[in-house]
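Heads up: the structure comes next, in structure tokens.
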Amino acid sequence: MLKLLDYGKPTPFGQIIGRPRHLAWPVHAYRVTLPRRAHDGDDLNAFERVVLKLLAALGLMSEQELADETGIPLDLVRSILLRLQDKQRIDGSHALIEQERDRTDGDDAKAPVFVTALVFRELVTGKYLPFVHWLDSANPLQTREGEEGLVRTIRADDEHKNAPLTQREVIGVLRAAQRRSAAFGKDDGMPAMQQIRIVPQAELHYLDCPIAIQKSDGEFRIADPFGNGFSLVLEAALERLLEQDEQLAEWLQKWKLALSNPRAQEADARPQAPFESKANWQRYPKLLANLRLLRGAAFHSLAQIYASIEWALFYASCRRPFESVVATLKFTAQTDHPALLDDAAKQVGLRLPPFGLRPIWDGKLIDFKSGKAELATLLAIALLQAQDDATHPLHSIAAADPDCILRLFNIKRKRDEKGHGKGNADAPTQELSEAPFMREIVHALLPDIVFSDTPGAAPDRNSQADALLDARASIQSEFGFKTFNRLGANLKERLIHAERFFLSCKDGDDGLGFVRELYAALQATFEMSLAGRLPPDIQDAMLIESASNSAISTNLCSELPASLRTVKASAIRQTLQGNGQSLGACVLASLLMSDEDRLRSIADTQPSFVNDVATVITRRGHGNEPLPLSKADTADLRKAAYKTIKTLIEG
């Protein structure tokens, strides 16, 4: 019977279908000898050691004398002395406590403590696992027999069996283990490479890796065999192996089929609104797609409100001649655009923000003619149209609300913040104050868009609560409770609302709101991972090229995707300085601020990391285009986004 290494029985799974099964995963265990610092609860930093040595050698010294002798600033010396008192190394007069004197006298006789540890290389892809087994009498290597018929043995790749272990790889495993768990403590330093001794002969063992099928999407998750959540390395290895091993793929497929049980879908009880006539769907399809409540939603989101105004302006502008206006903007010097638009706004009766309206680039005019709706371009065109047309609806809007444009930019600001990961999910539980304003503007611009005078039926709160509960349970199962609890309230809420759409969606549903939440969740996660890192000293002109070189050299992509190559250097620079501008800027900042070991570790876990994020960026676009998705496409986007979040948080 097969012997498995015994590290207990990890059970990180949440809601699963059926019972977990077990994989016997082949690994090579390498014995290494290296120094390890003991955890006695009162370790000293370098400054504290220097001061303590001086007090032991020279006797009582004042704060100023210590500062003069060491060159350490006086304020820092005072802080060091207080810390040494707290640790009961010195008394209030800076004299060594007798117990510390005995310890100091014997310091020279102390030698580094060398211990033996095991480092594991899994033999499917040859990756090292982020775990170190410290061998001693209290922690020996233990094995147990696998239960017959319940364990499937994974086939090792002979290519990795003869690969030697290097000191550099040991350092990489130690760093990964520190990030993964608190086994070493946060302040442990890395040993020097020359202090590491490796036994070249590896030992073949098998790890017991529980695998379970999730209720949320029918996909597997593999528990970390050492009891620390889930193993991203082994999951990535199994995904790769399933492409090569037909028997293993058939085994997994049969298991899924045996467990299959269709999930009941959330009811879609959205009533048809008065504006949803066949004619309006033909005339204003993208406007109506944003005015239509999303599946399971009771009220319009801020993004829908903003997008509806953009499309209403777009269709209102297209109903009138716009060629001469576009030509005026094109052939007027861009430096003169603000004054030109300010004059038009005054004639129409609308107040502009203090910074005025920005120049409209030629590319934005081309976008408009190609059918794209962006507020700044649309306002410029509408103002110039209304300047010479007394019947233009902007005149009536200005008469009713001269600050209309100021309110539009306020909505834009709030929408941008939510859309780029700030705050909670864009899924209001009551009507937003901006919604009535949106209805007034849309109806004024397009009179044939008529809204109901009576509020819609109150949503079924019990049904909504059940749907949110299912989504929360599904997310907890997907990420595991430890990781879920580290996400933060706002990020959790975004993922729960994205998951709610996924659990209830049907082929052809508009997935724009879903993708917007994935985009915002990804940006929020990237910003968390970038916090506290120092920006590199690189000129703006070289930022994208440097990020591209880092991604390519560490096998994260063969070429930087177009959605990342077009990110503005100014946005990257602001993101590097802690002010995240967009998801694309965050990805590039992460490539620039991560060392090579970190990027290679990401590539080992998720080779498609860069392309997965680029796909979400591309699908979201400007955030106002309808996005009908098949159930399969929705699942692919979900998998790409969730795996990226796991890589950033768990890796």
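Oh and the sequence shown: position 373 is 377 in the numbering used here, straight run, nothing missing. Beta carbons: idealized from backbone N, C-alpha and C, even for Gly.
- In this structure, L169 keeps its C-beta atom at 8 Å or more from the C-beta atom of V136.
- The segment 537–569 is shown to contain whole alpha helix (DSSP H) runs of 4 or more residues at 547–557, 566–569, in chain order.
- Exclusion of the five residues before and after G360 leaves P342, L345, D346 as the residues of its chain whose Cβ lies within less than 8 Å of its Cβ.
- DSSP, reduced to helix, strand and coil, places Q218 within a strand of the structure shown.
- Two segments are said to touch when three or more pairs of C-beta atoms, one from each, lie closer than 8 Å; by this definition the segment 406–419 does not touch the segment 570–582.
- Bridge partners of Y210 according to DSSP: P30.
- In the displayed model, R148 falls within a strand according to three-state DSSP.
- Excluding five sequence positions before and after A316, the CB atoms of its chain that fall closer than 7 Å to its own CB belong to L291, I445, V446, L449, L450, given in chain order.
- For Q171, the closest C-alpha among the options P144, R35, K91 is that of R35.
- A direct Cα-Cα distance of roughly 41 Å separates I548 from C213.
- Around the beta carbon of F530, 16 or more other beta carbons lie within 10 angstroms, which makes this residue buried.
- As computed with DSSP, V36 is found in a beta bridge with A121, I202.
- Within the same chain, L361, R362, I364, K368 come within 8 Å of A380 by CB-CB distance, once the 5 residues on both sides are set aside.
- Counting along the chain, the unbroken alpha helix (DSSP H) around I415 starts and ends at 408–423.
- For F135, the enclosing beta strand (DSSP E) begins and ends at 132–139.
- In this structure, the straight-line span from the alpha carbon of S305 to that of R604 is close to 39 Å.
- In this structure, the CA atom of I370 is about 9 Å from the CA atom of V330.
- Cβ-Cβ distances below 7 Å link T558 to E600, L603, R604, A607 in the same chain, with the five nearest sequence neighbours on each side left out; the list follows chain order.
- P30 sits away from Q199, with the two beta carbons spaced by 8 Å or more.
- Within 10 angstroms of the beta-carbon of M65 lie 16 or more other beta-carbons, which makes it buried.
- Partner residues in the beta bridge of E126, as assigned by DSSP, are V31.
- Put simply, the backbone Cα of E421 is about 35 Å away from that of N232.
- Here the alpha carbons of F230 and Y11 stand approximately 6 Å from one another.
- The Cβ atoms of L88 and F303 do not sit closer than 8 Å to each other.
- Residue pairing by DSSP places L633 opposite D513 in a beta bridge.
- Looking at the DSSP output, L100 shares a beta bridge with I94.
- For L592, the enclosing alpha helix (DSSP H) starts and ends at 587–597.
- DSSP places I226 in the uninterrupted beta strand (DSSP E) bounded by 224–226.
- With a cutoff of 8 Å on beta-carbon distance, D457 and L631 are scored as not near each other.
- Comparing alpha carbon positions, the residue from S312, N553, H396 closest to L595 is N553.
- Within 10 angstroms of the beta-carbon of T395 lie fewer than 16 other beta-carbons, which makes it exposed.
- If one requires a minimum length of 4 residues, the alpha helix (DSSP H) runs lying completely within the segment 361–391 are 366–373, 379–391, in chain order.
- The Cβ-Cβ distance between T487 and K650 falls below 8 Å.
- With 16 or more other Cβ atoms inside 10 Å of its own Cβ, S235 counts as buried.
- Here G484 has P16, G233, F234 as same chain residues with Cβ atoms under 6 Å from its own Cβ, once five neighbours each way along the sequence are excluded.
- A straight line joining the alpha-carbon of F505 with that of V454 spans about 28 Å.
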